[in-house]
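Residue numbers (the working numbering), protein chains in the order written: chain A, 1 to 623; chain B, 1 to 343.
Glycine is no exception: its CB is placed at the ideal position from the N, C-alpha and C atoms.
I have placed the structure first, in the form of structure tokens, so that the comments after it can refer back to it.
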Amino acid sequence: MSESVAATRTAPKPRRTLTRAVIRFAGDSGDGMQVTGEQFTTEAAWAGNDISTLPNFPAEIRAPAGTLFGVSSFQLQFGSQRVYTPGDQLDALVVMNPAALKVHLRDLKTGGILIVNPTAFDKRNLDKAGYAGNPLEDAALGEKYRLHMVDMEGLTKKALEDMPLNAKEKDRCKNFFALGLVSWVYTRPLEPTLDAIKKRFAKRPDFVEANIRALKAGHAFGETAEMFAEHYGVEPAEMAPGIYRSMTGNRALAWGLLAAAERTQVPVVFGAYPITPASDILHELALHKRFRIRTFQAEDEIAAVTAAIGASFGGCIGVTASSGPGIALKAEGIGLAVTAELPLVIFDIQRGGPSTGLPTKTEQADLMQALYGRNSESPVVVIAPATPGDCFYIAYEAVRIAIKYMVPVMVLSDGYLANGSEPWLIPDVKTLPDITVGFRTETEGFFPYLRDPATLARPWVRPGTPGLEHRIGGIEKQDVTGNISYDPENHDHMVRTRAEKVRRVGQEIPPLSINGPATGEVLVVGWGGTYGAITAAVEEAQGEGKAVASVHLRYLNPLPPDLGHILRQYRRVLVPEINSGQLVRVLRAEYLVDAVGFNRVRGLPLASQEIYEAINQMLEAKR
Amino acid sequence: MSPATGAPGATPKYTKKDFESDQDVRWCPGCGDYAILSAVQKTMPDLGIPREDIVFISGIGCSSRFPYYMNTYGFHTIHGRAPAIATGLKLARPELKVFVITGDGDGLSIGGNHLLHVLRRNVDVTILLFNNRIYGLTKGQYSPTSELGKVTKSTPVGSADRPVSPCSFALATGATFVARTLDRNIAHMEETLKRAAAHKGAAFIEILQNCNVYNDMAWGTLYDRESKVLHELRLQHGKPLVWGPVDDRRGLVLEGVKPKVVKVADVPESQLWVHDETDAGAAAVLAQLWAPDYPIPLGVFTNRTGETTYEEILIQQEQKVISERGPGDIGKLLMSGETWKIG
């Protein structure tokens with residue numbers, strides 16, 4: 001294939017070793033950037049790196065080609081050290097068209113690698129991107145960045161010239177050319193991609209060959225073209241030994257449910273209405289009919305949650321999933337589960353809002369909705385995963401708590417965790433905590449709201465159990481008997497009992513793990529998907545000898561019992577969140593601490609650099 | 001609480017009393033719901049189903065208090081959502097006998113969407129819609145079945161919206177069993193309930209019901225002895241559609257798809273429209289008939305048997321994949337696809 005390149009190969013090019021690299025692929029929605037990014041991730045995983053990814057794509061299914069809003073991108077950071085985030089600034093950026101350059105160039109480090117497909121920079125595409133002239137003709141671009149103009153379209157076409165595919169089909173292989181090239185630049189192995197291409201196009205041997213040819217042409221181009229003087233290696237990271245796989249948050253949530261159903265032998269009924277970015281959970285679960293799972297695509301969000309409640313009443317694990325707007329619609333249903341005291345698991349995959357907002361972008365602004373977004377006193381347990389892989393454990397934990405306490409459990413994931421991936425150490429499912437399910441069958445002394453003294457849970461009865469026929473509902477009921485009651489004192493007692501039940505979950509919350517010194521200047525408190533950015537920022541500050549620590553909350557209601565004490569061991573408390581300050585309000589109200597928020601609401605993850613700067617500002621203000 | 005039990009494993013011999021709960025009934029004296037409750041309790045022993053396998057699910061409204069008065073499993077839920085709750089319950093526990101109790105507001109206004117979908121999916125539930133053409137529990141606003149121009153608290157100069165016909169709605173969804181009955185006709189209610197409960201798939205019954213407080217004589221045409229004779233048409237499968245006084249019977253003939261009222265004496269019997277419960281198209285025409293120009297049909301409009309239910313299809317899908325590939329194993333699933341070893 002080297003004949004397609006005007007270069008002669010002499011000796012292997014020099015290879016430099018890096019500890020980490022941040023790269024981003026950006027192009028049109030139709031350019032296959034997500035596939036390219038995911039595939040490069042797999043290559044890096046094969047090479048033993050730690051990884052964090054950030055897919056970013058428009059809400060429009062096929063946004064008009066060449067437009068700024070049609071740009072789709074995939075970013076990842078991989079390294080030989082622990083990687084907490086997809087990275088802030090880019091070491092390398094691959095752009096397939098002018099719109100992608102315009103949208104993403106600002107994130108590329110000065111001196112970073114910029115690989116551009118110049119063929120796409122024609123008048124039409126430049127106009128669509130809003131460029132008056134061709135930015136590639138501006139010498140400053142090549143001075144500021146290591147610019148590589150690679151005619152990916154032409155070179156791909158040439159590599160495929162003797163193949164009986166039409167021009168469009170050939171053009172669609174160019175993302176694999178780009179992948180081959182970047183794989184060479186960072187010396188990542190091609191094997192997993194070769195396998196993936198074979199699987200992906202199993203029904204079209206001609207596509208298999210074309211894409212493999214494009215991939216190899218890209219790789220060979222890096223090796224032989226004069227424009228690339230060197231390439232890079234990133235050594236394997238030191239990670240806990242074991243078998244790993246790549247895991248996204250949404251898949252992990254789905255699999256966590258399957259694990260809980262297998263452990264309890266109680267089937268899951270999963271009701272959902274399609275909504276970005278939660279739909280993939282429904283898709284994933286629908287694939288697993290061999291497991292104890294029944295999926296139900298409901299007519300709306302309300303039917304999705306109420307069907308789940310109906311299933312819980314029937315003695316199955318009722319689960320529903322949505323994003324913020326759908327959770328708003330489910331609110332009344334969740335309230336029913338609160339008062340009926342039935343187990344219910346609700347996944348909220350948060351996205352930018354309000355209203356439709358930014359469907360494909362991430363946010364953490366549903367905490368208050370989760371805590372308070374229902375009429376009256378309607379407490380539910382709220383927990384949040386910290387990483388994509390943690391979603392597996394959080395889903396399992398949600399089922400465990402819901403059953404043990406007969407209570408709804410809300411899981412706050414987000415668009416970043418949902419679609420982001422990380423190398424995930426596969427657990428031995430036997431080591432997961434036990435979930436005891438004891439359906440009541442004893443008729444003697446039965447009442448529907450009889451309570452377990454430790455958890456205050458009422459008995460879970462499967463309809464079909466003789467002698468335990470009973471009625472429950474949304475109207476206030478007398479404690480123990482469950483009979484309708486409008487008695488004022490009983491209502492007050494029931495309000496307190498429902499709250500106490502949630503509070504008692506706190507008995508089992510493990511001690512918080514403090515990342516850093518047990519006392520100090522600044523404590524950074526986070527929750528959810530900001531875990532990586534916060535940890536990276538805190539460790540950077542610690543590396544400079546600063547007395548900074550962090551704790552990350554997986555339990556948001558109830559809060560961990562040791563949190564109050566920990567907060568008081570530091571002079572200042574910083575709470576970074578992708579909202580206008582929600583956890584910070586809770587902490588201030590709950591503990592009377594002068595916690596300060598760091599808030600950016602851009603539809604993007606927080607950058608560790610900006611958190612690091614906020615920590616430094618707080619330290620300086622103290623002096 | 002425990003009924004007289006028969007042979008072990010056999011369904012106990014129940015009486016009406018076995019289905020009465022210990023709760024005080026809190027409907028207004030004179031409410032049509034009492035008659036319906038009594039008819040349902042009386043019908044239950046004839047179903048041959050163990051009491052513990054029966055579940056009543058309701059939404060919100062006067063009718064929705066119903067489950068509290070039945071000594072079965074029951075769930076009084078939220079406004080309009082009973083069909084969705086029942087769907088989830090049937091997905092979880094297909095073997096249970098599930099009834100949905102709803103009203104014209106609960107089922108056709110706030111919950112209209114769910115009623116549509118439970119019927120079109122053919123979930124195996126029996127739905128009783130109490131139609132009194134008024135909102136009772138919120139004290140007398142017009143409902144989606146109230147007649148145009150209805151004067152109520154919220155429409156002091158008359159409502160401006162046109163009513164929906166519950167049976168026409170149900171038929172349009174493709175429901176496999178649709179019937180109409182009347183709270184003041186106990187025998188007909190019981191007969192209709194039995195047939196609906198025996199139906200496999202979604203069975204829908206509109207029960208015309210009186211609200212003596214906010215909409216008394218809601219179905220005056222059928223309550224009044226004289227007008228009832230002139231207007232009540234009993235649907236009987238395989239029989240001609242005829243009604244009226246013994247000495248002046250009326251019948252229907254079809255001119256194309258348009259029904260025409262004739263005097264039975266004036267036409268040969270072969271021309272009379274004969275009721276066919278399996279003909280959904282004919283049922284759709286019948287369901288639109290109403291007094292004064294036409295009779296008011298009571299009985300089973302359509303009863304399509306042998307149709308697969310929603311949950312049956314799902315279970316078949318599950319069984320197929322399990323028989324082909326074996327039951328799922330989470331340990332194996334976690335190890336499936338691309339994995340790599342470190343250390």
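Item	Value
Beta-carbon proximity of A/Ala26 to A/Leu358, cut-off 9 angstroms	no
Contact set between the region 465-482 of chain A and chain B, restricted to residues whose Cβ is under 8 angstroms from the partner	Thr465, Pro466, Gly467, Leu468, Glu469, His470, Arg471, Ile472, Gly473, Gly474, Ile475
Under 9 angstroms between C-beta atoms of A/His104 and A/Arg24	yes
Identity of the residues DSSP links to B/Cys211 by a beta bridge	B/Asn215
Proximal residues, the region 210-244 of chain A versus chain B, C-beta separation under 7 angstroms	Met239, Pro241, Gly242, Ile243, Tyr244
Contained beta strand (DSSP E) runs [length at least 3] in the region 223-250 of chain B, N- to C-terminal order	232-234
Burial state of A/Pro511, where buried means 16 or more other Cβ atoms lie within 10 Å	exposed
Helix, strand or coil at A/Pro576 [DSSP, three-state]	strand
Inter-residue Cα distance where the pair is B/Ser270 and B/Pro240	9 angstroms
Closest Cα partner of A/Val269 within the set B/Leu333, B/Ala84, B/Val213	B/Ala84
CB contact below 9 angstroms: A/Leu90 versus chain B	no
Boundaries (first-last residue) of the alpha helix (DSSP H) holding B/Ile296	Taken as a continuous stretch (DSSP letters only), B/Ile296 belongs to no alpha helix (DSSP H), being part of the beta strand (DSSP E) at 296-303.
Cβ-Cβ distance between B/Ser64 and B/Ile110 below 9 angstroms	no
According to DSSP, residues forming a beta bridge with A/Leu468	Paired residue(s): none; A/Leu468 is not in a bridge.
Contact list for the region 302-319 of chain A against chain B, Cβ threshold 7 angstroms	Ile302, Ala303, Thr306, Ala307, Ala308, Ile309, Gly310, Ala311, Phe313, Gly314, Gly315, Cys316, Gly318
6 angstroms CB neighbourhood of A/Ala65 in its chain, flanking five on each side removed	Asp28
Cβ neighbour criterion (16 or more within 10 Å) applied to B/Ala86	buried
Reduced DSSP secondary structure (H/G/I, E/B, other) of A/Met1	With a pLDDT of 33 at A/Met1, under the threshold of 50, the modelled position of that residue is not reliable, and the figure given next carries that caveat. Of the three classes helix, strand and coil, the one that applies to A/Met1 here is coil, per DSSP.
Which of helix, strand or coil DSSP assigns to A/Gln75	strand
Candidates A/Ser513, A/Val593, A/Leu329, A/Ser72: closest to A/Leu54 by CA position	A/Ser72
Cβ-Cβ distance between A/Val586 and A/Leu367 below 9 angstroms	yes
Collapsed DSSP secondary structure at A/Thr67 in the structure displayed	coil
Residue range of the beta strand (DSSP E) that includes A/Ser246	242-248
For A/Ala337 and A/Ile309, believed in contact at Cβ under 8 angstroms, the rounded distance	5 angstroms
is_contact[A/Thr42, chain B] using C-beta, thresh 9 angstroms	yes
Minimum C-alpha distance to A/Ser323 - residue among A/Arg124, A/Arg351, A/Lys144	A/Arg351
CA-to-CA distance, B/Pro67 to A/Ser464, given in whole angstroms	First, the residue type needs correcting, since residue 464 of chain A is Gly and not Ser in the sequence shown. If I take the Cα positions, the gap works out to 16 angstroms.
Option in B/Tyr214, B/Pro50, B/Leu116, B/Glu95 with minimal Cα separation from B/Pro29	B/Tyr214
CA nearest to the CA of A/Gly271, picked from B/Arg26, B/Met70, B/Gly88, B/Pro12	B/Gly88
Cα-Cα separation, B/Arg120 to A/Pro241	53 angstroms
Local Cβ density within 10 Å of B/Asn71, reported as buried at 16 or more and exposed below that	buried
Strand pairing of A/Ala549, partner residues [DSSP]	A/Leu523
Reference A/Pro98, options A/Gln75, A/Ala129, A/Val266, closest by Cα	A/Ala129
Backbone secondary structure at B/Tyr14 - three-state DSSP	coil
Reduced DSSP secondary structure (H/G/I, E/B, other) of A/Gly314	coil
Proximal residues, the region 23-51 of chain B versus chain A, C-beta separation under 8 angstroms	Gln23, Pro50, Arg51
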